[in-house]
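Trainee: If you're matching positions, the sequence shown starts at 2 in my numbering and goes up one per residue.
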Amino acid sequence: MKLTVLGYQSPYPGPGGATPGYLVETDQGKVLLDCGSGVVSQLGHFVNPWELDGVVLSHLHHDHITDMPILQYAMMMAEASGKRNKPLKVYAPDEPRDLNKRLTYKQYIDLHPLFEDIHCSLAGIQFSFLRTDHGVPCYAMKLEYKGKTLVYGADSGPGTAWNPFARQADLFICESTYLERNRPDGKRGHLTAAEAARYAAELDCRNLMLTHLYPEYRHDEVLQEAAPYFRGGILIADIGLQVEL
Ligand SMILES: [Zn+2]
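#1: Starting from Val6, follow the beta strand (DSSP E) in both directions and report where the run begins and ends.
#2: Once you ignore the five residues that flank Cys121 on each side, which residues in its own chain have a CB closer than 7 angstroms to its CB?
#3: Please name the residue or residues paired with Tyr153 in a DSSP beta bridge.
#4: Can you tell me whether Asp54 sits near ligand 1, meaning its C-beta is under 8 angstroms from at least one heavy atom of the ligand?
#5: For the beta strand (DSSP E) holding Arg132, just list the boundary residues, first then last.
#6: Report the residue from Thr193, Gly187, Leu172, Ala170 whose alpha carbon sits nearest the alpha carbon of Glu181.
#7: What separation, rounded to the nearest whole angstrom, lies between the Cα atoms of Val40 and Lys87?
#8: Determine the closest residue to Asp248 out of Tyr179, Arg199, His60, with distance taken between C-alpha atoms.
#9: Helix, strand or coil: how does DSSP classify Glu26 here?
#10: Alpha carbon to alpha carbon, how far is Leu34 from Gln10?
#11: What does a CB cutoff of less than 7 angstroms around Gln29 pick up in its chain, not counting 5 residues either side in sequence?
#12: Run the proximity test for Thr105: is its beta-carbon closer than 8 angstroms to any non-hydrogen atom belonging to ligand 1?
#13: Can you tell me which residues form a DSSP beta bridge with Asn208?
#14: When you compare the region 198-217 with the region 168-182, are there three or more beta-carbon pairs, one atom per stretch, that lie closer than 8 angstroms?
#15: With DSSP run on the structure shown, which of helix, strand or coil describes Val48?
#16: For Glu226, is the beta carbon positioned less than 8 angstroms from some heavy atom of ligand 1?
#17: Would you mind reading off the limits of the alpha helix (DSSP H) that contains Ile119?
#18: Leaving out five residues before and five after Phe47 in sequence, what residues of the same chain have Cβ atoms less than 7 angstroms from its Cβ?
#19: Comparing C-alpha positions only, which one of Val57, Gly18, Leu58, Asp64 sits nearest to Ser42?
#20: So who's on the other strand from Tyr179, going by DSSP bridges?
#21: Would you give the residue range spanned by the alpha helix (DSSP H) that Glu96 belongs to?
#22: With a CB to CB cut of under 7 angstroms and the five nearest residues on each side skipped, what residues in its chain are close to Lys149?
#23: Compute the Euclidean distance between the alpha carbons of Pro165 and Tyr200, then round it to the nearest angstrom.
Given below as structure tokens:
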């Protein structure tokens with residue numbers, strides 16, 4: 002499977018940027034993981050929106066879903082012009098209810114609830130889920146395809162039970178919302194770059210991608226904080242970055 006980063010910033014995009022969105026392609030289809038601000042625009046650099054087989058939304062915070070209504074319009078136009086003749090499958094948590102309701106639009110979206118114990122298959126990829134430590138129901142997702150494992154950790158505080166879910170992942174995409182200088186003292190639903198690297202090491206992951214970055218952080222300072230803790234490959238998410246698994 003091939004991963005393309007379409008957006009990785011949070012809680013808002015920098016100039017020309019986008020908040021979380023990741024395209025995953027296999028020889029059987031194309032799936033979008035999260036659909037933040039600017040993601041539909043970036044998607045068009047790689048595939049046409051009407052080619053998507055499905056969307057999986059980790060949770061219903063704005064930085065992960067803001068472009069969903071725009072993607073609905075793209076589906077509507079694709080049907081009107083004969084480029085597509087089926088609804089877009091979307092998996093999403095059903096809470097908060099008011100935000101979940103906005104994920105559907107006429108006949109263009111086929112919405113399915115996302116819980117920790119569901120399994121689904123999109124583009125031939127087997128998906129499984131883990132509830133993370135976050136302010137609203139939020140699910141990390143494990144994607145397994147042809148013997149390779151990608152874990153997208155979504156948003157997560159230090160209370161997430163990663164083991165064994167993310168163990169020995171070929172690629173662990175883990176959020177690094179904070180650098181040490183900004184780490185809040187109290188309860189938080191996010192991690193630092195150093196914490197992400199420590200988890201990746203404990204879980205014996207092969208490669209780590211740091212994401213969910215504040216737009217004002219420099220990528221080299223994110224890497225500098227993570228590097229002492231993980232000896233595998235470390236990537237810093239960036240729009241257009243591609244990884245073949
Ligand atoms: Zn987020």
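Where a beta carbon is used, it is the ideal one built from N, C-alpha and C, also for glycine.
Mentor: Concretely, from the data shown:
#1: Residue numbering aside, residue 6 sits at position 5 when the sequence shown is read from its first letter. Val6 -> beta strand (DSSP E) spans 3-8.
#2: Against the sequence shown, residue 121 aligns to sequence position 120. Tyr92, Phe128.
#3: Start at 1 with the first residue of the sequence shown, and residue 153 comes out as number 152. Bridge partners of Tyr153: Met142, Ile174.
#4: Taking the sequence shown and counting its residues from 1, the one referred to as residue 54 is at position 53. Incorrect: Asp54 has no Cβ contact closer than 8 angstroms to ligand 1.
#5: The residue labelled residue 132 in the question sits at position 131 within the sequence shown. Counting along the chain, the beta strand (DSSP E) containing Arg132 begins and ends at 126-132.
#6: The sequence position of residue 181 within the sequence shown is 180, counting from 1. It is Thr193 whose Cα lies nearest to the Cα of Glu181.
#7: As a working mapping, residue 40 is identified with position 39 in the sequence shown. As a working mapping, residue 87 is identified with position 86 in the sequence shown. In a straight line, the C-alpha of Val40 is about 22 angstroms away from that of Lys87.
#8: Coverage of the chain is limited to positions 2 through 246, which leaves residue 248 absent and any answer about it impossible.
#9: Against the sequence shown, residue 26 aligns to sequence position 25. The answer is strand: DSSP assigns Glu26 an E or B state.
#10: The residue given as residue 34 occupies position 33 in the sequence shown. The residue given as residue 10 occupies position 9 in the sequence shown. Each residue's Cα considered, the two are about 14 angstroms apart.
#11: By one-based count along the sequence shown, residue 29 stands at place 28. Within the same chain, Gln29 has close Cβ partners Ala124, Gly125.
#12: Reading the sequence shown from its first residue, position 104 is the one you call residue 105. The answer is no for Thr105.
#13: On the sequence shown, residue 208 is found 207 positions in, with the first residue counted as 1. Gly234, per the DSSP bridge assignment.
#14: Contact between the region 198-217 and the region 168-182 is present: 3 or more CB-CB pairs across the two stretches fall below 8 angstroms.
#15: For the purposes of this step, residue 48 is taken as residue 47 along the sequence shown, with counting starting at 1. In this structure, Val48 counts as coil in the three-state DSSP scheme.
#16: Residue 226 sits at position 225 when you count from the first residue of the sequence shown. No; taking the cut-off as 8 angstroms, the Cβ of Glu226 has no heavy atom of ligand 1 nearer than that.
#17: Indexing the sequence shown from 1 puts residue 119 at position 118. Per DSSP, Ile119 belongs to no alpha helix (DSSP H) and is neither H nor E.
#18: Taking the sequence shown and counting its residues from 1, the one referred to as residue 47 is at position 46. So the qualifying residues of the chain are Thr5, Leu24.
#19: If you number the sequence shown from 1, residue 42 lands on position 41. Ranked by how close their Cα comes to the Cα of Ser42, the residues Val57, Gly18, Leu58, Asp64 have Gly18 in first place.
#20: Position 178 of the sequence shown, counted from the start, is the residue given in the question as residue 179. Answer is Thr193, bridged to Tyr179.
#21: Counting from one through the sequence shown, the residue named residue 96 turns up at place 95. Run containing Glu96: none; DSSP gives neither H nor E here.
#22: Taking the first residue of the sequence shown as 1, we reach residue 149 at position 148. Counting only Cβ-Cβ distances below 7 angstroms, and skipping sequence neighbours, we find Met2, Asp171, Leu246.
#23: To locate residue 165, count along the sequence shown from 1; it is residue 164. To locate residue 200, count along the sequence shown from 1; it is residue 199. Cα to Cα, the separation comes out at about 12 angstroms.
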